[in-house]
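Engineer: In my numbering, the protein residues as written are 509 to 841.
All residues carry an ideal CB built from backbone N, CA and C; glycine is no exception.
#1: Could you check if residue 526 is buried or exposed, using at least 16 other CB atoms within 10 Å of its CB as the buried criterion?
#2: Please state the DSSP three-state secondary structure of residue 559.
#3: List the endpoints of the continuous beta strand (DSSP E) containing residue 847.
#4: In angstroms, rounded to a whole number, what distance separates the CA positions of residue 642 and residue 652?
#5: So, residue 654 versus residue 735, is the Cβ gap smaller than 8 Å?
#6: I need the straight-line Cα distance from residue 766 to residue 732, nearest angstrom please.
#7: Just list the residues that DSSP pairs residue 566 with in beta bridges.
#8: Within its chain, find whatever has a CB closer than 6 Å to the CB of residue 832; leave out the 5 residues flanking it on each side and keep chain order.
#9: According to DSSP, is residue 587 helix, strand or coil?
#10: Under 7 Å Cβ to Cβ from residue 626, same chain only, skipping five residues before and after it: list those, please.
#11: Would you identify the three-state DSSP class for residue 769, choosing helix, strand or coil?
#12: Less than 8 Å between the C-beta atoms of residue 569 and residue 559, yes or no?
#13: Which residue marks the beginning of the beta strand (DSSP E) containing residue 685, and which one marks its end?
#14: Given a cut-off of 8 Å on the beta-carbon distance, is the pair residue 713 and residue 610 in contact?
#15: In this structure, how does DSSP classify residue 529 when only helix, strand and coil are distinguished?
#16: Give me the DSSP bridge partner(s) of residue 552.
#17: Can you tell which of 752, 681 and 711 has its C-alpha closest to the C-alpha of residue 702?
#18: Do the segment 569-578 and the segment 667-676 touch if we need at least three Cβ pairs shorter than 8 Å?
#19: Where do the ends of the alpha helix (DSSP H) carrying residue 622 lie?
#20: With distances taken from CA atoms, which of 694, 676, 638 and 818 is nearest residue 665?
#21: With 16 other CB atoms within 10 Å as the buried threshold, where does residue 843 fall?
#22: Measuring only the C-alpha atoms, how far is residue 513 from residue 679?
#23: Count the other CB atoms within 10 Å of the CB of residue 545; is the residue buried (16 or more) or exposed (fewer)?
#24: Hey, residue 606 and residue 677 are a contact pair by Cβ (cut 8 Å); roughly how many whole angstroms apart?
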């Protein structure tokens, strides 16, 4: 699958929208997008990817494709996840600039011109920032603030709102980024790795009117695990020994010092009968238990990182997508 030759000189903007159980939002979203994009006076297309919806979203998408122009609807064979749905839409897009947003109408389609205006010749990614976010404070906003701070610090790409799907990308930059797992939220950081310049602009945010949110605290753990992977890919993918060697030294040197201390204590006990030496010899269990837990945790993280690298190698060497399309519907005009 060649992701480098998809752009069409006749299309300027491609809007990619992953859809999962958003039947009530589809019609108002499609009409709002058409209204905003038509006013720009630039050639565009709208690509909606149904990620295995079970609420009747696909029939609604087919109806919109029959009524509205410049609409392309892709239906995946099952629910592959938001990253896979976004990847399918990106692969199908033909515009020079790719705009992504959620289908829940919490993103404001009227903010798309703001993103495009910020994309000057030396800017490759414009990320939306939901400065006045309309989500529950403790369950959504607080975890998001912590995650954004952590991601910015670890990746070196400071953004207020990595979780905002409303973003604009130059197509050649976005297609150079391979997406797996839950990596869609890290696209700005991954794009910066290939030399893209990223800027952030405030965008509006609305409370959800229809349907149920697909996000929650359960995603926090996945974000943390993917963040470890991103950090590894950004800094150590070409020199893994720098990471694993440092971890080995971090654990190995204290371990050697501990063994040396235990040996000296044992010799002291044999030579002088010291109480400290006797106690250390009698009670090594807790020390070995703690060390074993630490080493086991490190091993699991290392195995996870190696599995991620093997997964990327497999997909890229086989050139296989992370999704499967069941059918495609396209507007007549």
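Structural biologist: The short version:
#1: buried
#2: coil
#3: Residue coverage of the chain in this structure runs from 509 to 841, which leaves residue 847 outside it and unanswerable.
#4: 13 Å
#5: no
#6: 32 Å
#7: Residue 566 is not bridged to any residue.
#8: 585
#9: coil
#10: 634, 707 and 709
#11: helix
#12: no
#13: No beta strand (DSSP E) holds residue 685; DSSP gives it neither H nor E.
#14: no
#15: coil
#16: 521
#17: 681
#18: no
#19: 620-626
#20: 694
#21: Only positions 509 to 841 of the chain appear in the structure, and residue 843 is not among them; the question remains open.
#22: Bear in mind that a pLDDT of 42 at residue 513, under 50, signals an unreliable position, so the model cannot answer this.
#23: buried
#24: 5 Å
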